[in-house]
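The numbering of the sequence shown is our numbering, which starts it at 345 and goes up by one.
C-beta: ideal position from N, C-alpha, C; glycine also.
Only a predicted model underlies this, so the values are computations on that prediction, with no experimental measurement involved.
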Amino acid sequence: MDYFENYSYFENLTYENDGNFNDYILPFPLTFILTHVEIGIIHFLLSSFFMVLQLLVFLSFFNNKELFTKTSFIIIFNHGILSFIQQICHVITAILTIFFIKKISRLLSIIGSLLTASYIGSIIFIFLLTLNRFDILYDIQLINFERKEIIYIIFIIICYLCTITLFIVYIVFPEFMLVFNYNLFEWQYENRLESRTVYQFEKYSILSLLGVSLILQILIFFKVIFLRCSTNRKIVFVADDLKIILHAFLCFVTALILELIRDGIFFYIYWSGNQIIIPHILRIFCSVSNSFFVLCFVKEIRNYIFISKHVKTDFRNTTIVKSIKVSGNINNIRNIA
């Protein structure tokens, strides 16, 4: 059920005081077991934990600066910057929820705009990372390696420009203004009727990027299977094999599930009491999924969280990976993750 297809809910809303959006009263009661303080604390603890997780990933990058020589890791690092910005916004939102602060509408608009713009920027980075891994795996040779690196850097700059542009647009144009709904604990457009077109553009842009990413992920998966089948040994998929595609794929899946839930395709959870907290928790997790999954599947990041490159113990030699040796493109596979 689409958010904008449910105007029957919103048309019957009444409001108190100054008619502010946040003062709307629902035409039916919401049964909450959790108070706004408890919901805010949950958001605060989750966001704070994931902020620390993101900082650990940044620490790993600075302990092993060789990671900045690989395009895929450069994309992951920049994706992490937008993830960190989102976590800051989530922490501030949690504080606003705990103390029920409403009289700072302009600041609320800035926070909501920054959160939404950085989220869309993260989706673009997920697409770019998937494209990079597809490029490496299929060894596309349309341009030489040096120029290809420059092109990816340009794409990264474009991602930031898109994010900054969206942030400015959300702030400048009234119909794009976002406010925090204290009834649903959700960021929404202040003028729902005028923002319908904006919402549709935002939704289909995100779904289009995720759709193309899905196609690329499927092609990557089939390529891995093909390379495994091309060996003379028995095909065995272990964690080391799956990490090649799991990181970007899980980032993609997390974002896709969030969009489908928000759009009511899986099930309609809004207006269902405490279930309204589900998309917020998922959105917090989605904003840091890049860092979470990179710690799970990429040992180059995980091994250098607390250990500097200059420490004599070389973690790269402590893990013995049993894998099938395949000539040609299999070397490219190992360079992806």
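Taking each of Glu530, Leu505, Asn535, Ile419 in turn and checking the Cα distance to Glu519, the smallest one comes out for Asn535.
Distances from the alpha-carbon of Ile455 to those of Trp531, Gln485, Leu411, His380 put Trp531 closest. With fewer than three CB-CB distances shorter than 8 Å, the stretch 397–405 does not count as touching the stretch 461–470.
In this structure, Pro623 sits near Arg606, with a CB-CB distance shorter than 8 Å. DSSP places Leu522 inside the beta strand (DSSP E), whose first and last residues are 522–525. Residue environment: Val516 is assigned as exposed (fewer than 16 neighbouring CB atoms within 10 Å of its CB, all protein chains considered). Contact annotation, Phe596 with Leu558: C-beta distance approximately 7 Å; criterion of less than 8 Å satisfied. Comparing C-alpha distances from Met395 to each of Ser427, Thr413, Val638, Ala592 shows the shortest one belongs to Ser427.
Ranked by Cα distance from Cys640, the options Phe629, Glu603, Phe471, His591 are led by His591.
DSSP, read as helix, strand or coil, puts Tyr648 in coil. Looking from the CA of Ser449, the closest CA among Leu600, Leu522, Phe629, Val542 belongs to Leu522. Taking every protein chain shown into account, the CB of Ile498 has fewer than 16 other CB atoms within 10 angstroms, so this residue is exposed.
Collapsing the DSSP output to three states places Gln430 in a helix.
DSSP places Glu534 outside both helix and strand once states are collapsed to three, so it counts as coil. Rounded to the nearest angstrom, the gap between the Cα atoms of Ile562 and Lys446 is 46 Å. If you draw a 10 Å sphere on the C-beta of Gln431, you find 16 or more other C-beta atoms in it, and that means buried. The C-beta distance from Phe388 to Ala438 rounds to 4 Å, short enough to meet the 8 Å contact threshold.
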